[in-house]
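Each residue of the sequence shown is one higher than the one before, counting from 1 in the working numbering.
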Amino acid sequence: MSQSIEPSARRTQPTVLKFGGTSVADADALQRLARLVRRAYQSTRTVVIVSALAGVTDALLTAVDAAASGTGDPKRPRPELDALIERHQGIATRLARPQGAAGLGIALARARAEIAELLNAVAREPERRPALRDEIAAYGERLSAALVAAVLGAADLPARYVDARRCVLTDAAHGRATPLFPQTEEHTRAELAPLLDGELIPVLGGYIGATPQGVTTTLGRGGSDYSAALVGAALGAREIQIWTDVNGVLTADPRVVADARTIPALSYAEAAELAYFGAKVLHPRTLQPATDHGIPVRICNSRAPGEPGTLVTAQGVGRVGAVTAIAHKSGITVLQIPQIIAELRPLGLVAIESDRAIVCVVGEGLRTTPGIAARVFATISDINVSLISQGASRVNLTFVVDNARAREVVQRLHAALFALEPADLDTAAAAGERMP
Ligand code: ADP
Ligand code: ASP
Ligand code: MG
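Have a look at this one:
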C-alpha cells in the first residue's frame, strides 16, 4: 500500500519516534510499530529510534561477563548467540520481503561471527574489556534497527537504516558515555537531513554512539530514550515520542503501586526529577536536550496507542497544590566523603549506611504549597526517615528510608496523596473503569 499524502503536505519539522525493547520484542510488536510509523509519516517527517529487542542487551552483557570470568571456552558453540540471531531472523522471515530477509540473514551471520570473535578477545585482553563490552552490546541496537528498517520497507514505508554511531558522538567513558553536543548536532544533521529531504524515514539504534576516532560507546542502560532526545534536539524536532509498555508516566512505579495512574501532563522539571529518582520509564538524561530546545516529549503505550499518555512540556499541568507523582530508587548506599570519614572516625560518629532507598515526592505544587512535607511525614510517622532535602528546582521533596520499607512507604504515600477525588471518580465511572 503506498502513501496517499503528497510530500509537500508533510510537516517539515520531524517527529522522533523511539520504541523501547518490549515495543520491538517480536513480530506482533513490529507490526504495531509499523502502524504507528505509518500514522506519523502521513503527517510529518519521521525519524525512528529503536532499542534492542527485549532481553537482547542483557543476553549480550551476560555473555561478556561469562567470557571475562573465564567460564567460556573460546571454541564452544555458543548456543545463546544462535538463539539471539535466530530470533531476529525469524521475525525477518515473517515480516520482511524475501530479499530484505535474505540481506538481513547475511548481516546476522556476519554479526554472529564478529560477536563470537569479540567474546574471545574479552577473555584474552582484560585491559580492552570496557571497550569490547560496548562494542558487543551495540550489536543489540544495530541489529534491531536493521530489522525494523526491513520490516518497514516491507510495509511500503521508505525506511533507511542509519548507523547511529555516525550521528551520536561521545567521549570515551565506556558504558556511560557523555555526548559531545556540537559534534552530535552536526553529524546527526549531516546524516539525517538529506534522507528527510528525500522523504525517507531514517531508522537508528538508540543507546549507542562512537568517539570522534570511531570507537563504539554506549550511553548507559536505558539510554535509547536519551538518543531520541539528542537526535530530536539536533533536528529541531516538533515532538519526541517515547513508545513503551505503560500508558505514559504514572503517579508511581506500577510494579509497586497497582493502581498508579497516568499523569496527563508534566513539566520538564517534574519529569527530570522523576527520571533521576528512579522512574525507569525515562532515562534520567532524556529531559535535558528536550528542555534546552523546548521540544515536547510524549510518552505513550505502543500496545494501547489510543490512550492519551503523558505530555512533557515547559508548562506541565499547572495544578497548584497537588503532588504529581512519587518515585523511588532502591539499593542506595549513603556515605560520607572518605577523607571526612577518616577525620571523624576518632569521634566514633561515622557510619556508612547501606541498604537504603531514596523516595522522591514530585510536583510543581511543592514550589508554592505549604504543608505538603508535614502531610508526607505524618503519613509515615512510624518509619525512620533521614537526609531530607528539597531539590534545587524545588519541585521535589526527597528523603532516605530503609530499603526494606521503601515499597511500603511508596504505597502508603500514594494512598494518602492520590486518594481519588470526586471529579476523578465521575470521570472514571464514566469511562467504565474498575474502581480500586
Ligand atoms: P522501554 O523498554 O520501553 O524503554 P522501560 O522498561 O525502560 O521501557 O520503562 C518502562 C517501565 O518503567 C514500565 O514498564 C514500568 O515498570 C517502569 N516504571 C517505573 N516507574 C514508572 C512510572 N512512574 N511511570 C511509568 N512507568 C514506570
Ligand atoms: N537496550 C539498552 C538497554 O537495555 C538501551 C535501552 O533499551 O534503552 O539498556
Ligand atoms: Mg527504557
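By construction, the Cβ of each residue, glycine as well, lies at the ideal position given by its N, Cα and C atoms. Predicted, not measured: the structure shown is a model, and the values here were computed from it.
Closest Cα partner of residue i within the set the options
i, options, result
"ARG221", "ARG133, LEU335, ASP355", "ARG133"
"ALA154", "LEU104, ALA173, VAL122, ALA109", "LEU104"
"ILE115", "GLU239, THR12, LEU60, ALA233", "LEU60"
"LEU157", "ALA102, ALA66, GLN31", "GLN31"
"GLN452", "ALA52, PRO77, VAL151", "No information on residue 452 is available, as it lies outside the stretch 1 to 436 that the chain covers here."
"GLU186", "LEU200, ARG160, HIS174, GLY232", "GLY232"
"THR44", "LEU81, ILE240, THR217, PRO79", "ILE240"
"ALA137", "ASP171, GLU353, PRO296, LEU219", "LEU219"
"ALA9", "TYR41, ARG35, ALA29, LEU36", "TYR41"
"ALA406", "ARG367, VAL361, ALA373", "VAL361"
"ARG375", "HIS414, ARG356, GLY348, PRO338", "HIS414"
"ARG238", "VAL162, ARG97, ILE91, ALA228", "ALA228"
"VAL24", "LEU235, GLU408, TRP243", "TRP243"
"LEU81", "ARG94, ALA66, LEU95", "ALA66"
"ALA272", "LEU287, ALA419, ARG261, THR262", "LEU287"
"THR402", "THR46, SER393, ASP382", "What sits at residue 402 in the sequence shown is Asp, not Thr. Nearest C-alpha to ASP402: ASP382."
"GLN390", "THR379, PRO370, GLU408", "PRO370"
"ILE388", "VAL359, ARG412, VAL409", "VAL359"
"PRO77", "GLU117, ILE91, GLY90, ARG38", "GLU117"
"LEU335", "THR324, GLU353, GLY309, ILE380", "GLU353"
"ALA159", "ILE49, ALA392, GLY309", "ILE49"
"ALA34", "ALA52, LEU95, THR12, THR62", "LEU95"
"SER302", "PRO14, THR12, ARG11, ALA29", "ALA29"
For residue i, the three-state DSSP class (helix, strand or coil)
i, result
"PRO202", "strand"
"ASN301", "strand"
"VAL320", "For VAL320, the pLDDT reaches just 49, beneath the cut-off of 50, and the residue's location in the model is therefore unreliable, although a value from the coordinates is still provided. Reduced to three states, the DSSP call for VAL320 is coil."
"PRO179", "strand"
"ARG112", "helix"
"HIS283", "coil"
"ILE45", "Here residue 45 turns out to be Arg, not Ile, going by the sequence shown. Strand."
"ALA327", "strand"
"VAL215", "coil"
"GLY20", "coil"
"VAL312", "strand"
"ARG375", "helix"
"ALA210", "strand"
"THR251", "coil"
"THR262", "strand"
"ASP426", "Here ASP426 scores only 48 on pLDDT, less than 50, and its place in the model should not be relied on; the value that follows carries that caveat. The answer is helix: DSSP assigns ASP426 an H, G or I state."
"VAL257", "coil"
"SER224", "helix"
"THR244", "strand"
"SER381", "coil"
"SER144", "helix"
"ALA83", "helix"
"ILE295", "coil"
"ALA92", "helix"
"ALA419", "coil"
"PRO130", "helix"
"ALA25", "coil"
"ARG78", "coil"
"ARG10", "coil"
"GLU185", "helix"
"ASP156", "coil"
"ALA233", "helix"
"PRO370", "coil"
"ALA351", "coil"
"GLY278", "coil"
"GLU364", "helix"
"GLU408", "helix"
"GLY105", "helix"
Beta-bridge pairing of residue i - partner residues as DSSP gives them
i, result
"GLY100", "DSSP output for GLY100 lists no bridge partner at all."
"GLU239", "THR15"
"THR170", "PRO179"
"PHE399", "VAL359"
"ILE332", "ARG356"
"GLN390", "LEU397"
"TYR509", "Summary: the structure shown does not reach residue 509, with the chain confined to residues 1 through 436, and so no result is reported for it."
"SER267", "THR313"
"VAL50", "PHE19, GLY205"
Proximity test, residue i beta-carbon vs the ligand SAH heavy atom, cut-off 7 Å
i, result
"ALA52", "In terms of ligand content, the structure shown lacks the ligand SAH and carries the ligand ADP, the ligand ASP and the ligand MG instead."
Spell out a yes or no on whether the segment 279-293 and the segment 47-63 are touching, meaning 3 or more CB-CB pairs, one atom from each, closer than 8 Å. no
Quick one: any contact between the segment 186-193 and the segment 135-154, if contact means 3 or more CB pairs under 8 Å? Contact between the segment 186-193 and the segment 135-154 is absent, because fewer than three Cβ pairs lie under 8 Å.
May I have all residues whose beta carbon comes closer than 6 Å to any heavy atom of the ligand MG, sorted in chain order? GLY20, GLY222, ASP225
When you compare the segment 13-26 with the segment 222-231, are there three or more beta-carbon pairs, one atom per stretch, that lie closer than 8 Å? yes
Across the segment 306-318 and the segment 258-269, are there enough close Cβ pairs to call them in contact, namely three or more that are closer than 8 Å? yes
The segment 206-213 / the segment 169-186 touching (three or more Cβ pairs under 8 Å): yes
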